[in-house]
Structures are given as C-alpha cells and as structure tokens.
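Have a look at the structure below before the remarks.
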Amino acid sequence: MKKLVSSWNNVQTVPEKYIFPPEKRPGNVTFNASKSIPVIDLEAIAISQDRDATIQKILKAGQDYGFFQVINHGVAEDLMNDTMSVFKEFFELPEEDKTSFYCEDATRNNHCMLYTSSLLYATEDVHLWRDNLRNSCHPLEECIQYWPEKPTRYRHVVGAYATEVKKLAATILELLCEGLGLEPGHFGGKLSEIPSLLVNHYPPCPDPSLTLGVSEHCDPNLITILQQDSDVFGLQVLKNGEWIGVEPISNAFVVNMGYQMQIISNNKLRSVEHRAVTNSEKARTSVAMFFIPNGDSIVEPAKALVDPRNPAIYKSFQYKEFISHFMKKTGGIDVALEPFKLQAN
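Quick note on the UniProt record's numbering: the sequence shown kicks off at 1 and runs consecutively.
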C-alpha cells in the first residue's frame, strides 16, 4: 500500500523510478487555450435539422481528432459532482479502509481493484505518477456488491453514474451509426457489451516536466467516455505532432474513439494518441468508462463501408485475439494494428 503515490507525504523530488527517459518526458507543461478538441452540444439532436448537423460535427471530430467533448448530454450535473466527490473521498480514506482492494496481479479478475501506476508495476521500467481504482460494471447488479462500502454512498452513487453514462454511450454510438450509414444498433450488443470504470488519481507532483500520469497510448476498446476534474488540466491529445491540452469543462464528458471503432469504421474514425501530465499544485482525478467488446465478438470493417473503391483495410478477427496481442506489444503505437491489417494495405 505504501507504493500508492497518494499515500506519500511531503515529497520534494520525483523519485528516480518515476523519471522518464528524456525523449519521453513532457517537458514544460503549458496549455494553449486557443487549441483544443471540438465541443459538441447534444441538446440539438432532438431537432431533425440540427441532429444532422450535430452528427456531421461528431464525424468530423472523430476523423480529425479522434476526440470531442459533449455538453447537454443528459447526465445530471449533481450526479457527476457526487461521483467525483465520492472517488476523491475514497483516495483520502485511511490505509486500512483500502487495503482489501489493493492488487498487483494483472491476472486476477477482481470486480474492484486498487493499484498504482499500472498492473505491470513489478516489471515496468518506469512508474506512472498515478493511483488507479478499477470497477467492473458487467453485469452491474453482480459487480456492485464487490465495490467499496466506504464512503457509505459509494455503491449507490457510482452505480447510478455507471447506468447513466452507459445510456450516454448508447446515444453516441447510435449517432455514429447514423452518420456512418450503418444499421441502427450496429455498435450495440457484443461490440460494446462490457463497460469498465477506471478512476485515475494523480497527486501533486514536485516536477511535472520529468514524469507522466499516463504514457502516450490509444485505447484498445470501442469507445471511451471520460469525466475530467473541473479545474485541473492534464489530458493531452496528439494533433499534427503537437500535444494539445483538453480543456476541463464543467459538466462535460470527453469522448474518444478506440482501436475497434477505427477498424469497424474502416479508418473513417480514428483512434488517436493521448496522455496525461501531472500538476505541481493540485491533485487531479478523472473517471473513464470504457465500452469493451465481448472477447468472442467478431470485429471487422462494417460491410456497408466497404466497396471496390473503399476496400477493407482490416481483416476479421475475434476481439480476444486483438487484446491478447495488445497486452504483449512493444514498440510504437501503430504496432497494435499491424497484425490485423490486410496485406494489400
């Protein structure tokens, strides 16, 4: 438990094991307010003409950035605030209230896991400046009984939150179906069957230029919906070789495309590299819900998006094949997709 970054007191310097190689360090962490990802108002989807325009904005953001933020999305602001408060309270609990959830074994299939850096802590070369709490959410009624009982409102609040964010994900996936010209429900069922909720907690860091909260990566799943802390920058997206900060907007969600969305859309939507930097003055907490295909589900470019002028870029495979390769991969970001590309491409 003492490995948890949040359990340290008065840290004056970044420990050597947390210092990234020079080429991987974020350097001087600044945020340019003039550059950020698109913000899309979902209130407009109730009106036919506005709905079409909103869908086009989503598709353009998914192609250009792989990311966008949504406002007026239907998840109550009070619920979002309560959920963020509950998670912050959890990380502030005494050690004895969190010990039973601590785990360093990546092979264990716990319904709730607390760990630091990553589940490869014992073997990784450099540690990430973060603690993590992972809650399984499928099926919710079964998983919830294994979640923390402290704070006392944890299960009630987080359960309601998971339910509402799942509804939001279904709405966004249907808008993507509509925009891509796919049958309604194409992304439903097995392709988004397994939601998983990950809380990242980044305590203040004495020198954010030396370390990272999350290394650059793309998400392996279908789609991710993230709630940021309302007043602390940290998430960065790679755009044209430049890291741009994602502005924390109160009562907004960040949406990003995973590798499976890129594959199914036949590259019409992109999964884009992103990372998290730290802050020297404030702790930052983020809440991400990943929508993950069932391991047996078949992933392939949607047939409606493939024709002689737009041949399939990727082969057909089971998601469990992809995730097995993804967990073992070394090298650049593109390595994850290479084995699943058709040779002609």
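All C-beta atoms, glycine included, are put in the ideal place defined by N, C-alpha and C.
Query raised in the report: Secondary structure at S192, three-state DSSP: helix, strand or coil?
Result: Secondary structure of S192 (DSSP, three-state): helix.
Query raised in the report: Quick one: Cα of D78 to Cα of M84, how far?
Result: Near 10 Å, if we compare the C-alpha coordinates of M84 and D78.
Query raised in the report: Given V29, which residues of its chain have a CB within under 6 Å of its CB, disregarding the five upstream and five downstream residues?
Result: The beta carbon of V29 is closer than 6 Å to those of P208, V277 in its chain, skipping five residues each way along the sequence.
Query raised in the report: Which runs of the beta strand (DSSP E) fall wholly inside the region 8-60 and span at least 3 residues, in chain order?
Result: As far as the region 8-60 is concerned, its whole beta strand (DSSP E) runs of at least 3 residues are 39-41.
Query - V5 beta carbon less than 8 Å from that of residue 347 - result: One cannot answer for residue 347 here, as it falls past the ends of the chain, which runs 1 to 345.
Query raised in the report: Can you round the beta-carbon distance between S196 and I323 to whole angstroms, since I take them to be within the 8 Å contact cut?
Result: That belief does not hold up - the Cβ atoms of S196 and I323 are roughly 12 Å apart, past 8 Å.
Query raised in the report: Which residues in the same chain have their Cβ closer than 8 Å to the Cβ of D231, if we skip the five residues on either side of it in sequence?
Result: If we look at D231 and ignore the five residues flanking it on each side, its Cβ neighbours are P248, K282.
**Report entry** Span of the beta strand (DSSP E), counted from its first residue to its last, around E242
**Finding:** Start and end: 242-245.
Query raised in the report: Between the region 12-20 and the region 121-141, are three or more C-beta pairs nearer than 8 Å?
Result: Taking 8 Å as the limit for Cβ pairs, the verdict is that the region 121-141 does touch the region 12-20.
Query raised in the report: Mind checking whether I298 and S316 have CB atoms under 8 Å apart?
Result: Yes, these two residues count as a Cβ contact at 8 Å.
Query - Proximal residues to E178 (C-beta, below 7 Å), its chain only, five neighbours per side dropped - result: Around E178: I55.
Query raised in the report: What's the gap between the Cα of V335 and the Cα of Q228?
Result: Each residue's alpha carbon lies about 29 Å from the other.
**Report entry** Nearest-angstrom beta carbon gap, W147 and V157 [assumed within contact, 8 Å]
**Finding:** Contact flag wrong, Cβ pair sits at about 11 Å.
Query raised in the report: Buried or exposed: which applies to M257, given that a residue is buried once 16 or more other Cβ atoms fall within 10 Å of its Cβ?
Result: Taking every protein chain shown into account, the CB of M257 has 16 or more other CB atoms within 10 angstroms, so this residue is buried.
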